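Have a look at the structure below before the remarks.
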Amino acid sequence: MKKRYLLPFIALSTLFTPLLVSAQNISTFAGGLGAGNAANISVTSPNAVAVDAAGNAYVTDGGNSIIRKITPAGIATVIAGTGTPGYNGDGGLAQNAQLNGPNGITIDPAGNIYVADYYNYRVRRIDAVTGIITSVAGTGTSGYNNDNIPANTAQLKSPAGVALDTAGNIYIAEASGYRIRKITVSTGIITTIAGVGTSGNTGDGAAATLAKLNTPRSISVDIAGNVYIADNGNYKIRRVDVVTGNISTIAGIGTNGSAGDGAAATLAQVNPMGVVVDANNNVYIADNNNHKIRKIDGTTGIITTISGTGTALSTGDGGLASLAQVNSPRGLTRTASGSMYIAEYGGNRVRVIDGSSGIITTLAGNGNYSYGGDGGLPVNSQLSGPVGVSTDGAGNVYISDQGNKKVRKATHSTNIIDGFAGTGVQGASGDGGLAVAAQLNLMGGTAVDANGNTYIADWNNHKIRKVDAVTGNISTIAGTGGTGFTGDGGQATAANLYNPNSVAILGNFLYIADGSNQVIRQVDLSTGIIGTVAGTGGIGGLTGDGGPATSAKLNTPSGVAVDTAGNIYIADYGNHKIRKVSRASGIITTIAGTGTGGFSGDSSLATAAQIKHPRGLAVDINNNLYIADVDNNRVRKIDAITGKIYTIAGNGTAGFSGDGGLPKAASLNAPYGVAVDAAGNFYVADQNNNRVRTFLVPLSPAISIAASQNNLCSGNTVTYTANTSFGGTTPGYQWTVNGANITGATSATYSYTPVNGDVVRCVLTSSAVNAAPATITSDSVSMVVNTSVTPLLNIVSSRDTMCAGTQVAFTTTPTFGGTAPTYQWTVNGTTMSGATNATYNYTPANNDTVRCILTSNYGCVSTPHATSNTKIMTVNPILTPAASIVASQNNICFGTQVTYTVTPTNGGSTPNYQWMMNGTPVSGATDTSYQYTPTNGLTISCVLTSNATCASPASATSDTITMVVNPVVAPTVTFTANPGTSIPDGQQITFTATPTNGGTNPQYQWLKNGLNIAGATQATYTAIAGTDVLNNDQISVWIKNTDACGDTASSSATIVTVTTGIGTIGNNRYALSLYPNPNNGGFTLKGSLTNKATHAINLTVYNAIGQLIHQESVSVANGTLNHQVELSKNLPSGNYFLKLNDDNSSMIRFTISGN
1 MKKRYLLPFI ALSTLFTPLL VSAQNISTFA GGLGAGNAAN ISVTSPNAVA VDAAGNAYVT
61 DGGNSIIRKI TPAGIATVIA GTGTPGYNGD GGLAQNAQLN GPNGITIDPA GNIYVADYYN
121 YRVRRIDAVT GIITSVAGTG TSGYNNDNIP ANTAQLKSPA GVALDTAGNI YIAEASGYRI
181 RKITVSTGII TTIAGVGTSG NTGDGAAATL AKLNTPRSIS VDIAGNVYIA DNGNYKIRRV
241 DVVTGNISTI AGIGTNGSAG DGAAATLAQV NPMGVVVDAN NNVYIADNNN HKIRKIDGTT
301 GIITTISGTG TALSTGDGGL ASLAQVNSPR GLTRTASGSM YIAEYGGNRV RVIDGSSGII
361 TTLAGNGNYS YGGDGGLPVN SQLSGPVGVS TDGAGNVYIS DQGNKKVRKA THSTNIIDGF
421 AGTGVQGASG DGGLAVAAQL NLMGGTAVDA NGNTYIADWN NHKIRKVDAV TGNISTIAGT
481 GGTGFTGDGG QATAANLYNP NSVAILGNFL YIADGSNQVI RQVDLSTGII GTVAGTGGIG
541 GLTGDGGPAT SAKLNTPSGV AVDTAGNIYI ADYGNHKIRK VSRASGIITT IAGTGTGGFS
601 GDSSLATAAQ IKHPRGLAVD INNNLYIADV DNNRVRKIDA ITGKIYTIAG NGTAGFSGDG
661 GLPKAASLNA PYGVAVDAAG NFYVADQNNN RVRTFLVPLS PAISIAASQN NLCSGNTVTY
721 TANTSFGGTT PGYQWTVNGA NITGATSATY SYTPVNGDVV RCVLTSSAVN AAPATITSDS
781 VSMVVNTSVT PLLNIVSSRD TMCAGTQVAF TTTPTFGGTA PTYQWTVNGT TMSGATNATY
841 NYTPANNDTV RCILTSNYGC VSTPHATSNT KIMTVNPILT PAASIVASQN NICFGTQVTY
901 TVTPTNGGST PNYQWMMNGT PVSGATDTSY QYTPTNGLTI SCVLTSNATC ASPASATSDT
961 ITMVVNPVVA PTVTFTANPG TSIPDGQQIT FTATPTNGGT NPQYQWLKNG LNIAGATQAT
1021 YTAIAGTDVL NNDQISVWIK NTDACGDTAS SSATIVTVTT GIGTIGNNRY ALSLYPNPNN
1081 GGFTLKGSLT NKATHAINLT VYNAIGQLIH QESVSVANGT LNHQVELSKN LPSGNYFLKL
1141 NDDNSSMIRF TISGN
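Numbering of the sequence shown is given in UniProt numbering, commencing with residue 1 and proceeding in unit increments.
This is how it looks when you write it as structure tokens:
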């Protein structure tokens, strides 16, 4: 259950220096008897209390075998006793003397203190002026060797109470001697005033010297000299009359109990441990087992309770004493002002009942048995069995206060100790909350990482707990709480540990001395994975040296530490050895101990020395290893360089002594844990002394120096800086050049102008009192100083003239540029961001000026900078060629020739052309125009190849013309003649053309005998037989499709036969014939009508010039007409026209001839 020092080390000034008596002397850092704020310390099992004239209270702290003084301001100090029960020190300062179970205490008017030293069988006196302690009664042997002898030769038997009368005579209650003894101050002779030396309950009403007492615990003397005895075993308060010497009972019926308040005290039950009488003869009783303070009225003899309820609690501070609870009061005293001081044995407190207000308060004691001092100086705190100690980089000290179930923290910056983890109640609760509210269970050592997180080996909870540096919350990072050896390779929180004793940390790795599993475990804090780095687990043993650590046997490893190289050190408790696991190889070896427990070998190789049950380990900044050699009650050191072992603290005798002297001369008592910080402050958890002891260990200072520059130019100033470790708070420096001290060069830096070959060193003298050696010389710096040269820079470009958008590469050729010159390119005088290489690529604009600035690191230059020659860029704009083409016509008819013409843009002086047809070059078509008879859908384009400067791209393809070539439409035409092609002379004949593919608006031309008929350009042509057409005329028609690409066509010719005969009318109304035709003016009109109703039709006849020459109405029956027309016989020959109902479409031409 130990701890190891946190690595890496952080240089600190000497820590907690007010607590160090002398640089290398040992002292108590924390723990001990408790001092300072009296209400914040543990007053352990107080037996009695007395108050001097100045109001200082003195308490016999029976549990610690000391006497405490508490000032009216509430400040506690120890005025007698070392805290270790025993006897020594008479004739010396009471603070250095040993007491053993001090009980009763009283003070004379001069301030001298008398104490009943119960187990030393003495009454001792502490001089008020000198502080010297002496024995005034008792020889140290329990017994009775007669009265009327000098008191310092008389034997006493368990002196429990002591009192003084007004004359200064001393009265002693011998608890197991069953007597009250008196020492006459004038003679020093001791006598018995009550008791016969055997236990009993007799004698009331007779001489006290004949009476039997039973464990008298306390006495008090009134101003008249009457003696009051707390006859505890008889459950009585008894009184010895000063005049008669007779004894009587004033309280108690002789049986244990608490009855009787409000009645005569002689009828009450009491359990008295303390008694005091005031000036009014009121008697006050510390009624121990009844947990009360009771009062016997000096006038009436009535007994009452003035404080306590009978319950063993310590409550009610700040309220009336009558309502408060007290816990096993043993001693009490009363001041002249009426205030009552109570030694509350079971409550571990001293309480005061104010004489005016009756209010009860705690003067001293926090109620704990062995825990105190939080909020005060560490040296004034109280610990209980500390088993581990560690430090962090800030110099704070962490103490595993095992008996108090807490981890305590002493903060370096404030020098204050406080609880850090644990409530003081044994348990396992609290994860996820504040560490101070959590429970621990017999914790072992602690360690702190570089971030200030603290790791606790929670021994009996079988866990490793972590306290977060930021939140103060506690969590479990390893262990399930169950015992066993499981979980390697998985999360540490799922693994079983078994009594982890100690932890150590380096970087992200936590090392655990898993004691009852006989292994050292490692937790990767970045992943939470646990593994074993040493030991096989199972039953402990001693094997494996020289082989892999994971194959070796350990025996209850109790301590673990890690050096700066990552080597692991193991306190192999049961094997009485210190073993080392090499980080590089994983091999385990023994570096101290022979395997046989004992003490030997100091100043020899550690491997030949004996150690016995080593526990805590620590490593200092020089990699020296420190061992808590528990059963030898020593701390030992293995020198990192020589491998030899030395004792640095402890004389080998278990005990407590030596503070203020050399550590090796001091007594330790089971040193469990050790730690050392970067300043060499060494801490020992001195378990059985309930302390952490401290002293300085020697450490080696170190120094290195660095020059602000080297390999420099002549005339330059160089600053040299010393970097030191362990130089102390005021290190001394002396700079030397070429072995000679430089006057005044005595600080951590030194500046001067060197010459070539100068050798510079610095001598460090550490101010740390534990520096060994105190003076050390740095390595040397040899100066190289060069003469000056002038750097030059020439730049070249990949091209000076270019097209816009072209990237240009610039390269440099430095002269005297050094090994690592730097460059800065500029364009037009502007610094180019990021352009700091020996080459520079960029895309310039026209007339850009490019330069480069060289910064040389050549060993010595007159100036570090050089500007290059200038490059002026000629940048031509980018010309984008283009070609546009037009066609002389499009949407043409098949067979039409088209001319295509190209117009270039940025074509240059002599562009080239290539005409393309459907994307394929046309052979020979390389002029500005191109003629071709296209087909439908043909695409024409032209590719221009420019010879213009900076044409990009060089070639451009024109837009594309897609040809629309329409097919030629070939019409056909036929025609019909109505009423036919054979017609009577004079009859009208209509020719009607019927085209095919004639288009939307065809054009016609009728022909007679192959010649155009004037005006006959419609789809129909009407002629008069015999007039417009003659017998055997050939009629034909020509048609033209006037739509796009329409053609012409001619019909076949039709021969017209003109006959003399019947003229007819045929339409949708009439089917009539006129005959004969020609005639002489008389003819028949015969036929049918579609209108079958009986009605009349009007017949009119006109001549060729349209004159009406005849008109008549003809009746038609049942749609049949058969009517003879007779015209004037005087009508001239010629053509005439018969109309029905004056309808031009119902007309017959006929000819009259022969008249």
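Idealized CB from N, CA, C, for every residue including glycine.
Here the structure is a predicted model, which is why all the values come from computation and not from measurement.
Rounded to the nearest angstrom, how far is the Cβ of residue i from that of residue j, given a contact under 8 Å?
i       : j       : result
Ile303  : Ala263  : 7 Å
Thr31   : Arg691  : Here the sequence assigns Gly to residue 31, which means Thr is not the residue at that position. Right, the Cβ-Cβ distance comes to about 4 Å (below 8 Å), so this counts as a contact.
Asn857  : Gly818  : 4 Å
Ala1016 : Gln1005 : 7 Å
Asn100  : Tyr119  : 4 Å
Ile105  : Val51   : The Cβ separation is near 10 Å, so there is no contact.
Gln426  : Lys406  : Not quite, the Cβ-Cβ distance comes to about 11 Å (not below 8 Å), so this is no contact.
Arg851  : Thr831  : Not quite, the Cβ-Cβ distance comes to about 10 Å (not below 8 Å), so this is no contact.
So if DSSP puts residue i in a beta bridge, which residue, or which two residues, is it bridged to?
i      : result
Met802 : Val875
Arg68  : Val59, Val78
Asp629 : Pro614, Arg634
Leu950 : As written in the sequence, residue 950 is Cys, which differs from the Leu given in the question. Per DSSP, none; premise fails for Cys950.
Pro102 : Asp117
Leu712 : Val785
Ala343 : Gly331, Val350
Met916 : Pro921, Ser941
Ile520 : Ala513, Ala534
Ile296 : Val283, Ile303
Trp735 : Cys762
Check whether the Cβ atoms of residue i and residue j sit closer than 8 Å, and answer yes or no.
i      : j      : result
Ser220 : Val277 : yes
Val387 : Gly433 : no
Thr44  : Gly63  : yes
Tyr573 : Thr556 : yes
Val467 : Ala421 : yes
His412 : Ala437 : no
Pro159 : Val196 : no
Ile359 : Arg351 : no
Thr209 : Ile183 : no
Val283 : Ser307 : no
Ala251 : Ile237 : yes
Gly188 : Ala151 : yes
Asn40  : Asp374 : yes
Leu944 : Pro881 : yes
By alpha-carbon positions, which one of the options ends up nearest to residue i?
i       : options                          : result
Ser400  : Pro754, Asp392, Lys409           : Lys409
Asn415  : Asn841, Phe29, Ala1053           : Phe29
Asn1118 : Thr1090, Tyr1102, Ser778         : Thr1090
Thr939  : Pro921, Ser955, Val1125, Thr928  : Pro921
Ala584  : Gly595, Ala565, Asn575           : Ala565
Gly200  : Thr187, Leu1131, Thr215, Ala206  : Thr215
Lys1040 : Pro150, Asp1028, Lys1008, Pro995 : Pro995
Ile172  : Thr209, Ser218, Ile133           : Ser218
Asn1068 : Val1056, Ser1050, Gly1087        : Gly1087
Asn169  : Val227, Ala128, Lys644           : Val227
Ser502  : Tyr511, Ile872, Ser1146, Thr730  : Tyr511
Asp1143 : Asn496, Asp222, Tyr1070, Lys637  : Tyr1070
Shorter than 8 Å from the beta carbon of residue i to some beta carbon of chain C?
i      : result
Val922 : In the displayed structure, chain C is absent; only one protein chain is listed.
Handout entry: At least three beta-carbon pairs within less than 8 Å, the segment 506-526 to the segment 584-593
Key = Output reads no: the segment 584-593 does not touch the segment 506-526.
Handout entry: Inter-stretch contact at 8 Å, needing at least 3 Cβ pairs: the segment 878-895 / the segment 955-975
Key = yes
Handout entry: Three or more C-beta pairs below 8 Å linking the segment 799-809 and the segment 754-768
Key = no
Practice task
Mind the definition here: the segment 369-383 touches the segment 644-658 only if three or more C-beta pairs lie below 8 Å; say whether that holds.
Solution key: no
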